[in-house]
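In this text, residue positions in the sequence shown follow this note's numbering: the first is 21, and each later residue adds one. We treat Cβ as the ideally placed atom computed from N, Cα and C, and that holds for glycine. Down below is the structure, laid out as structure tokens.
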Amino acid sequence: MISFTIYGLLGVRTLELLRSHKNKSLTEDELNALIAHAHLKVDHLRRQLSEQQVREEQHIARAIADQREADERIAAERLRIELQRVQQQQDVEIERAVMQKRSLWETELEDQLRRTAAAHSEHLEQVIRTQRQLFEIEHNQKVEEAVRLERDHHSREVGAALSRLAGIESALNSRVALDSENRRAKQFWIACHNLIESIKHGNKAGEDMEKRRLPLEESLSLLQQVLFTLSIFH
């Protein structure tokens with residue numbers, strides 16, 4: 021095995037030289053030439069091995085990048101589907117809540133108008149108009165105050181969540197699973213951004229303050245679920 025390896029390193033021409041000196045002693049120059057040739061052959065094989073290793077590493081890197089992109093596309097699609105489902109559910113709940121509130125407010129307004137008409141029949145038309153306006157003003161003020169308090173509350177929660185997100189992203193920079201954790205962080209950032217947009221603008225298509233108001237329980241629940249998942253991996 022050793023002789024075969026040496027012959028492979030020396031090459032054909034060198035082998036011919038060895039055969040011609042089979043029964044003779046090689047000179048020092050000939051031995052040095054053989055050794056130099058063997059070193060050159062070893063260097064050549066090392067370069068070939070190094071190049072092969074580089075090609076293999078590049079191939080593995082491309083495969084990992086392709087898999088990472090595929091995972092990101094799948095995660096993005098799942099997030100889009102979930103957000104669409106949550107939005108549809110919110111729309112149904114908002115419609116139901118508006119109908120219930122409207123029925124309650126109409127009943128309260130009718131009761132108040134009947135009492136006013138009985139007590140002031142001589143000024144019925146003026147009193148009814150005045151009471152309706154006062155009721156609407158008071159109702160609008162209550163709605164605006166409730167919306168403001170709700171926005172402040174959720175803004176504080178989102179701010180705390182974003183602070184935790186910053187800490188999580190900083191910790192993940194030193195871990196082997198950085199790419200996977202960053203994708204989760206991005207999903208959490210999207211959920212926070214959407215929640216902030218809902219808090220700031222509500223239903224932009226609404227014609228008045230009540231129709232623009234959006235319940236945020238479902239969005240906050242989804243945000244807390246994502247935050248819980250991040251806390252587990254942290």
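Residue interval of the alpha helix (DSSP H) (run including residue i)
i: T136; result: 48 to 139
Where residue i sits in the DSSP three-state scheme
i: I22; result: Any answer about I22 is weak, because its pLDDT of 34 lies below 50 and its placement is not dependable; what the coordinates show is given next. I22: helix per DSSP, three-state reduction.
Neighbourhood of residue i by C-beta, 8 Å cutoff - its chain only, sequence neighbours within 5 removed
i: Q151; result: Q132, L133, T136
i: A95; result: R203, Q207
i: I148; result: L133, T136, A137
i: Q68; result: none
When the options are compared against residue i, the one with the closest alpha-carbon
i: L129; options: L154, A90, Q207; result: L154
i: E156; options: E145, A181, E126, S175; result: E126
i: R98; options: R203, S70, Q78, C212; result: R203
i: A186; options: W209, E177, S70, R176; result: W209
Supposed contact pair residue j and residue i - C-beta distance, whole angstroms, cut 8 Å
i: I216; j: A205; result: The pair is not a contact, with the Cβ atoms about 16 Å apart (cut-off 8 Å).
Residues of its chain near residue i, where Cβ-Cβ distance is below 6 Å and the 5 sequence neighbours each way are ignored
i: L144; result: A137
i: A166; result: none
Contact with chain C by residue i, beta-carbon distance below 8 Å
i: L182; result: Among the protein chains of the structure shown there is no chain C, as only one such chain exists.
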